[in-house]
Every structure is written in C-alpha cells, then in structure tokens.
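Student: One structure coming up, written as structure tokens, with questions to follow.
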Amino acid sequence: MRIELLTPEEMSDLDRRAIASGPLDGYALMQNAGAAVVAEILAHFPTSRPIGIVCGPGNNGGDGYVVARLLAERGLEVSLFADEAPPEGSDAARARKACPLVPVPFSRFDAEAHGLVVDALFGAGLARPVEGAEARLIEAVRAAALPVVAIDLPSGVSGATGKPLGVAFEARLTVTFVARKPGHLLLPGRQLCGQLVVADIGIHASVIDEAGISLWENGPAVWKRLYPGVRVDAHKYSRGHVAVISGGAASTGAARLAARGAARAGAGAVTVLSPAGALPVNAMHLTSIMLARGETADELVDFCRTRKPATAVLGPGAGTGERTREFACRLLLNVEGLKGLVLDADAITAFAGDPETLFSMLKASAVESVLTPHEGEFLRLFPDLGDALDRSKVERARQAAERSGATVVLKGADTVVAASDGRAVINSNGVSHLATAGSGDVLAGITASLMAQAMPAFEAACAAVWLHAEAGRLFGMGLIAEDLPEELPQVFKNLFPEPTG
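Sequential numbering of the sequence shown, starting at 79, is according to my numbering.
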C-alpha cells in the first residue's frame, strides 16, 4: 500500500493528469472503480440482500451506477436511488445511461427493506454540510444499523479534514482508489470508514511519483532508511548523549520518564540535570542514567560545554516559570555543539502569551528543535490555529511549524508531525492505552534520543511517534508510562529482525 496521502484537490489533479497521459480515459477509470467495489462487496458481504445503492450527481454517483449495473448483471437484487441526474456529457451521465436500473427518489428509500447500502453520494470531495433528503437518508440508514459500503469515503466526511459535515454515514467497509486521503486517517473519519481497502484502478504509479506529494501515513517507510545503526567501534558517547532537565524535588518523575525513553531508544548516554534540592530524589531512582546538578542557566551551559550532549529535553516537570524560559534561551542560543532540542509540556506553557519570543529564538538558532504539544498546549502557542470544522489538523500543524521554525508534533489519537518546509505525516498506529499520565514525557525522550543519534528532526519525530505508539499497542491494556520504554526492545526486534540461516 502506498504511503502517500492525497487531498481531494490532489486526487482530482491526479485524475486529470492520468487521463491526459492515457491509456485509460475517465470512463474507463470509472468502470475499473466500480468493478473494484463490486469485488469487495462480493468478498465481504456475499449474502447481504437486497442491496440499495444511493447515487449523487458527481463522479462518486457514476461509480455507483457502474456498481449497480455489474451487480444486476450477476443476478443480485439491487435497488437504485438518486434525486439528481449527473451533468449531461459527463462520465457519470454515461454510466447512468448504461445502467439498466431506473433510479427512484431518495424519499422512497426504505431502510427496513435492505440488507446492505452502497454509499455513492459524495465521496472525498464534499465541501458543504449534508442537508435535506441526503441527510434524512443517512439518518435512516444509521438508525436501522444497516451495513454500509462507502465508495471513496463515507458521504458526509470531509476528505481533507476527516470531520463530518453535518450527518455522515458510518461504513463497515470503505473502498477508495489509488491512495488514501487525509480523511481516512484523521479522526473521526478513521472511525467512520470501517475497514479500508485501496483499489488499483489502472493509474500508473509514476503519475503519483511525479505529483510532489508531501503528506504521508507515518511508518517505517518514511524514516527507516535514516534510522541509526550501531557501528562495531561504537562507544557510549558516539551513540549520542541526551541531557534531560528535571524539575524540583516534587516533580522529578516526568524527567526520569523522558530519560528512560531516551536510553531505551538507543542513546549511549543520558544525563538528568537536576536542581540541588532534587538531587537526592533523582539519585534514589537512577542507575544507568547519569545525574548532574543543573539548577541555574549558568550550570546548564557549563555542563553542555564540558560534557557536550548532542540533544536536550526541556519541559517534562520543569515548571513554567523564568528558569524554564531562561534554559530554553540558553540551549537555543548559547550552547555550541548542541544539535537538537525537544520542547515539551512546561517548556511550551512557559511561553504562553509570548510565543513570538520563542519563535524568534527557534528561527535564530542553529539547533534543530521539535515542539511536542497536545491540543491544550498547542493553543497556548498558536491561539489562532484552533480546531474548526473547515480546518484540517494537518494544515494546523503545518502552519504552526512554518510559523515557529520547528518540527511540530501535534499529539492525539491521530498525531500529526509537520516540518517547517511543509512535509507532514499522519500517525495511525496509536491506541487508546497511550492516554495515560507520563506517556508524552517518554515520547519526548525517544525523540531526543533519535536526534542525538543523528536522525534529522522531522524523521526523528516521525520515528519516535510510531515507535511510542507501537510500544503501547504491543503492551495493551493496563499500560502505564513506565511500561513504554521497557516495551521498546520488542518493537525493535520486530522492526529489525535478526537474519536467519
């Protein structure tokens, strides 16, 4: 399966370029799409009868007319519903004319009379709320709990944002074509798609390769080629040294979680920098992870100059006051040789109300930086980029990355990672068990670890998000944050299996 994610606009452009380059015209592609849907219906719902097919006036409806014709030709009991005919001369109009079934109005649709519904109303390109007869039909299908096969995307779900525009179908199976759309992975669209199948309809892979796509599903294909190996002559500092700044005596656990995540992710050395009053608390809990005093900004700079960590984590349990702000400033502008900085939690909140100060430092610094906010922290730095019906989580993260000059990890069940140059991924292997205190601290440590091992910031953040989620998936129910680092070795074994034979 291809990892590119195509917006509805990109998919329309790809269709046009594929048709222009041949050998298939638009009608032939529509025939292939309909045939692919029929194959999936017969495979997944071989006994569901009768089948009601609801068609809109666009190309999605055209696919529906092809499905209706092919199912009828196989002798299946099919009913066809449409309120509006496709435009004259369109491929959809041609498909409707070739279909032997006469469509009846949506008002005559009876949910109780059907065993399966094929949704060919709107597809991924919907840009307005579903209203009127279409909305009533969708509500009737949902009330009857009828299984739905959606063509391209459940009607009512935006292909760009994954958000329902008014009411939306909830599909058991969605069949899309060529590549997935953001709405297939962004919530709640991902939940409304059911099982997702990507069908080949005859568009050559080179057409996608030439499209310049910059949004992908996150996974090893995005970053594995840059994943750090361990040289035979490696020593602990050549594998990367990570500094993690701790808060006071009552808030040290978050930094230790980040440090443990950094160590398990492969950093050869990890040091917790602690205020004097918290040194005994941290010392009681650390073994292989080193400990040093780092109460003031001057002590932080001295440590970095003498011990030369490659990356640092600032934020987990660090506090939101002047110390954290000053540490951020020094790490970004006054530490030679520091390659990467992860700003999480308190380090983000510390600049609430004054984000431009942080952004100016990020842009002026030679240090590659990653911001890892959850939704609440994101709004503290980007209050004008709040969630809205017409705003994609991808675009929000991209705008934040461009504005800040950092890689942004906008966390959630559908985490988006965006680079300041516009590249972005949507993560899809997250599980609900990750919604536990301290989980984000571990993610910050994994990210810093991979950057310390010479992965670029964007790829390191993408890899960290996937590894972190995979650890949560493997552990399952009962997960607490302390379990995540300990599950990473199994994730690595699965990702990099030992050669056999």
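A virtual CB, placed ideally from N, CA and C, is assigned to each residue, including glycine.
#1: Taking the runs of the alpha helix (DSSP H) that are 4 residues or longer, which of them lie wholly in the segment 87-170?
#2: Flag residue 174 as yes if its beta-carbon sits less than 8 angstroms from any beta-carbon of chain C, otherwise no.
#3: For residue 294, which beta-bridge partners are listed by DSSP?
#4: Between the Cα of residue 243 and the Cα atoms of 266, 251 and 255, which residue gives the shortest distance?
#5: Helix, strand or coil: how does DSSP classify residue 250 here?
#6: Count the other C-beta atoms from every protein chain shown that fall within 10 angstroms of the C-beta of residue 571, then say buried if there are 16 or more, exposed otherwise.
#7: Residues in the same chain with beta-carbon distance under 7 angstroms from residue 568, minus the five sequence neighbours each way, listed in chain order, please.
#8: Give me the DSSP bridge partner(s) of residue 255.
#9: Taking only the alpha-carbon atoms, compute the straight-line gap between residue 409 and residue 523 and give it to the nearest angstrom.
#10: Within 10 angstroms of the Cβ of residue 362, are there 16 or more other Cβ atoms? Answer buried if so, exposed if not.
#11: May I have a chain-ordered list of the alpha helix (DSSP H) segments no shorter than 4 residues that lie completely inside the segment 352-381?
#12: So, are the CB atoms of residue 351 and residue 321 less than 8 angstroms apart?
#13: With DSSP as the reference, identify every bridge partner of residue 347, one or two as the case may be.
#14: Roughly how many angstroms lie between the CA atoms of residue 458 and residue 527, to the nearest whole one?
#15: Among 508, 529, 532 and 284, which one has its Cα closest to the Cα of residue 550?
#16: Considering only the alpha carbon of each residue, which of 250, 174, 442 and 128 lies closest to residue 109?
#17: Rank 280, 82, 238 and 150 by C-alpha distance to the C-alpha of residue 114 and give the top, closest one.
#18: Return the chain-ordered list of same chain residues with a C-beta closer than 6 angstroms to the C-beta of residue 104, the five sequence neighbours on each side being excluded.
#19: Quick check on residue 414: does DSSP put it in helix, strand or coil?
#20: Less than 8 angstroms between the CB atoms is what I'm expecting for residue 463 and residue 474, so what's the real figure, rounded?
#21: For the beta strand (DSSP E) holding residue 494, just list the boundary residues, first then last.
#22: Residue 198 and residue 134 look like a contact to me (Cβ under 8 angstroms); what is the Cβ gap, rounded to whole Å?
#23: Would you kindly work out how many angstroms separate the C-alpha atoms of residue 112 and residue 106, rounded to a whole number?
#24: Tell me whether the segment 435-455 and the segment 477-492 touch, counting them as touching only if at least three CB pairs, one residue from each stretch, are closer than 8 angstroms.
#25: For residue 178, count neighbouring C-beta atoms within 10 Å of its own C-beta (all shown protein chains included) and say buried if the count is 16 or more, exposed if not.
#26: Residue 188 by DSSP, collapsed to three states: which one?
#27: Is any heavy atom of the ligand COA found at a distance shorter than 7 angstroms from the C-beta of residue 324?
#28: Using 8 angstroms as the threshold, is the C-beta distance between residue 346 and residue 318 below it?
#29: Under the rule that 16 or more other beta-carbon atoms within 10 Å means buried, what is residue 302, buried or exposed?
#30: With residue 451 and residue 416 assumed to form a contact (beta carbons below 8 angstroms), what rounded beta-carbon distance in angstroms separates them?
#31: Let me confirm a value: residue 288 is counted as buried when at least 16 other C-beta atoms fall within 10 Å, else exposed. Which label applies?
#32: Find the nearest neighbour of residue 225 within the set 189, 339 and 548, judged by alpha-carbon distance.
#33: My output table needs one value for residue 445: the three-state DSSP class, helix, strand or coil.
#34: Indicate whether the contact test is met: 3 or more Cβ pairs, each with one atom in the segment 388-402 and one in the segment 421-428, closer than 8 angstroms.
#35: Can you round the beta-carbon distance between residue 159 and residue 184 to whole angstroms, since I take them to be within the 8 angstroms contact cut?
#36: At what residues does the alpha helix (DSSP H) containing residue 311 begin and finish?
Tutor: The short version:
#1: 104-122 and 137-151
#2: This model lacks chain C altogether; it includes just one protein chain.
#3: In DSSP, residue 294 forms a bridge with 82 and 503.
#4: 266
#5: Residue state, collapsed to three classes: coil.
#6: exposed
#7: 552
#8: 277
#9: 16 angstroms
#10: exposed
#11: 357-363
#12: Less than 8 angstroms separates the beta-carbon of residue 351 from that of residue 321.
#13: Under DSSP, residue 347 shares a beta bridge with 319.
#14: 26 angstroms
#15: 508
#16: 174
#17: 280
#18: 97 and 169
#19: Of the three classes helix, strand and coil, the one that applies to residue 414 here is coil, per DSSP.
#20: 5 angstroms between Cβ atoms; contact.
#21: From DSSP, the beta strand (DSSP E) with residue 494 extends over 494-496.
#22: 7 angstroms
#23: About 10 angstroms.
#24: In short, these stretches touch, since the Cβ pair count reaches three.
#25: exposed
#26: Coil at residue 188, not helix or strand.
#27: What this structure holds is no ligand at all, so the ligand COA is not there to describe.
#28: yes
#29: Exposed, by the Cβ-count rule.
#30: At roughly 21 angstroms, the Cβ-Cβ gap does not stay under 8 angstroms, so residue 451 and residue 416 are not in contact.
#31: Classification of residue 288: exposed, given that the 10 Å Cβ count is below 16.
#32: 189
#33: coil
#34: yes
#35: 5 angstroms
#36: Element bounds for residue 311: n/a, residue is neither H nor E.
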